[in-house]
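Only one structure is covered here, and it is reproduced in the block below.
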Amino acid sequence: MTDLLREPALYIDGDWVPGTAEDCEVENPATEQTTGVVAQASPHEVEGALEAAHRAFASWSATPVAERADALRRLHDVIAERAETFAELINREQGSPPPLARKLHVDVPLSVIAQTAAAVEEFAFRSRIGNSVIIREPVGVVAAITPWNLPLHQIIVKVVPALAAGCTVVLKPAALTPLTAFELARAFDAAGFPAGVFNLVAGSGRDVGEQLTKSPLVDHVSFTGSTAVGRRIAAMAAETLKGVTLELGGKSASVVLSDVSDERLATAVKVTVANCYLNGGQTCTALSRLIVPANRLPQVEQLAAAAAAKFQPGTRLGPLISAGQRKEVESFLTPGKVVSSPLELPDRGYYVTPTVYSDVDPDSRLAQEEIFGPVLSIMTAESDDHAIELANNSIYGLGGALWTDDTDRATEWSARIRTGQVDVNGAPFNPRAPFGGYKQSGIGREIGDYGIADVLEIKAVQL
Ligand code: NAD
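In full-length UniProt numbering, the protein residues as written are 1 to 463.
Listed below in structure tokens is the structure:
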């Protein structure tokens, strides 16, 4: 794929509709060249998409659950057939090196679709409490507003549970990575979804994002992005008292308890560095703080430096998304105890050297703010209680990791970490488990049964 890609039309009501706002260029962050030009929606086209979704809701919400699950399985199969195309588009607009583009950016959302189709078929849409039948009904039209860091995954985790639940959707993808979303609209079309059930309108957050959030035709806004924009969306949605799902920033901690063997310590450091630097450090659950027993620090520093050296441009390390993001990340690279080595970076592309800081002050900017780049902060704890206290010393509460040899007590320790997810001893991502944040990391849950429940109303019928 070397030519300029052109996407002149939006996907509205099962049709391709030219966007009448000014086109937007898409940059490849690895080459700093324009790689695509996409149509942008005017307020008129956004309104058309909302009306289509509103019209389609009556029949889609009444479609039997098994048929909705089958439609999602067809979508899964179309994306799986076109997996290489999706990976190439993500490499092109987001910069992820090709193997990562396939494994992280395409295979993970595919497993989310498969698991959601299974979850909705088992979901209890009706139950009884005494003389009441409790009915769970789709909320209506969902506006999905997504970020650029995982251009396909962030869309799938919102749109697929909403469609499974019986809602219809209008999607506004990130302005920096819209090409993947256009390919996804083609996949929806090929999978035979009824007109109006899924609609795509590209555009800026200020224009299209705000119009969707304020519209009385939208019943629920599902947003992933920065905490600052999330706050603004919650305030705008309050005007029409619509529900919101907000997946926001994070500053997740990897907590190593004092009982770990040298072998587990080595695994903990290796996995934490890899997780922190995954996708150029641009993941919301990045384990960007490593909290270790004070007496193990010298060993941890050596292990972390060795793990960081494995991140080389073009293989495991991609560029950051934009010049602005690189500048932002570089603002954190101030003098301190750096234990990683400098790296030779390509002349082009928004690369940053993966950096490990040690002995970081837990209240410093480095330890408190989300960086969204490949920067790890190591902190030391005097006891296991102190380690948990440090982990909870954050306005965020999204993810986390716990390392211990005492697996019987791992759940107990995890319960003390105030976050929506904790991975014990490197346990893998579960594509059906609820995903979301405590504190300023968000409101609501995505994925699987809980993602479906997030876009359902609850009715009690007394008999
Ligand atoms: P962003 O908040 O700038 O933008 C996210 C989306 O919101 C984009 O589609 C954007 O166009 C839109 N938007 C911007 N302003 C808007 C407005 N006023 N009204 C409506 N929509 C608006 O975030 P970003 O820079 O694209 O993504 C990076 C951020 O996302 C990081 O802070 C990261 O932590 C967060 N993130 C969170 C999760 C999670 O699941 N918690 C996952 C990935 C990223």
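Backbone N, C-alpha and C fix where the C-beta goes; we use that ideal spot for every residue, glycine too.
About 5 Å separates the Cβ atoms of Pro293 and Ser258, confirming a contact at the 8 Å cut-off. Counting only the Cα atoms, Glu382 lies some 52 Å from Leu200. Contact annotation, Leu297 with Thr380: C-beta distance approximately 6 Å; criterion of less than 8 Å satisfied. Taking 8 Å as the cut-off, the beta carbon of Val260 is found no closer than this to the beta carbon of Ile291. Looking at the DSSP output, Tyr357 bridges to Val338, Ser377. Judged by the Cβ position, Phe372 qualifies as a neighbour of ligand 1 at the 7 Å threshold, a heavy atom of the ligand being closer than this. Of the heavy atoms belonging to ligand 1, none sits nearer than 7 Å to the Cβ of Gln368. In this structure, Ile371 is the residue among Asp363, Pro362, Ile371 with its C-alpha nearest to the C-alpha of Gln282. Under the DSSP assignment, Arg232 falls outside any beta strand (DSSP E), being part of the alpha helix (DSSP H) whose first and last residues are 227–238. For Val46, the enclosing alpha helix (DSSP H) starts and ends at 43–62. Shortest Cα-Cα distance from Gly336 to any of Ala69, Val360, Ser414, Glu301 involves Val360. The shortest C-alpha to C-alpha distance from Arg348 to any of Ala306, Ala323, Ala274, Ser364 is the one to Ala323.
Between ligand 1 and Trp403, a heavy atom-to-CB distance of less than 7 Å is absent.
In terms of side-chain proximity, the C-beta atom of Thr355 is found no nearer than 7 Å to any non-hydrogen atom of ligand 1. The continuous stretches of beta strand (DSSP E) do not include Phe182, which lies in the alpha helix (DSSP H) extending over residues 179–190. Rounded to the nearest angstrom, the gap between the Cα atoms of Ala144 and Arg92 is 23 Å.
Of the other Cβ atoms in all chains shown, 16 or more fall within 10 Å of the Cβ of Pro29; this residue is therefore buried. Counting other Cβ atoms within 10 Å of its Cβ, Ala181 reaches 16 or more and is therefore classed as buried. Contact between the region 134–153 and the region 34–46 is absent: fewer than 3 CB-CB pairs across the two stretches fall below 8 Å. No Cβ-Cβ contact shorter than 8 Å links Val141 with Ala71.
Assignment of Asp23 by DSSP, reduced to helix, strand and coil, places it in the strand class. Restricted to the region 225–308, the alpha helix (DSSP H) segments that are unbroken, complete and at least 4 residues in length are 227–238, 262–277, listed in chain order. Gln115 sits in a helix when the DSSP states are folded into three classes. Contact annotation, Leu179 with Leu89: C-beta distance approximately 5 Å; criterion of less than 8 Å satisfied. Relative to ligand 1, the beta carbon of Lys459 is positioned no closer than 7 Å to any heavy atom. One alpha carbon belongs to Thr20, the other to Ile113, and they sit about 32 Å apart.
Under the three-state reduction of DSSP output, Ser127 falls in the strand class.
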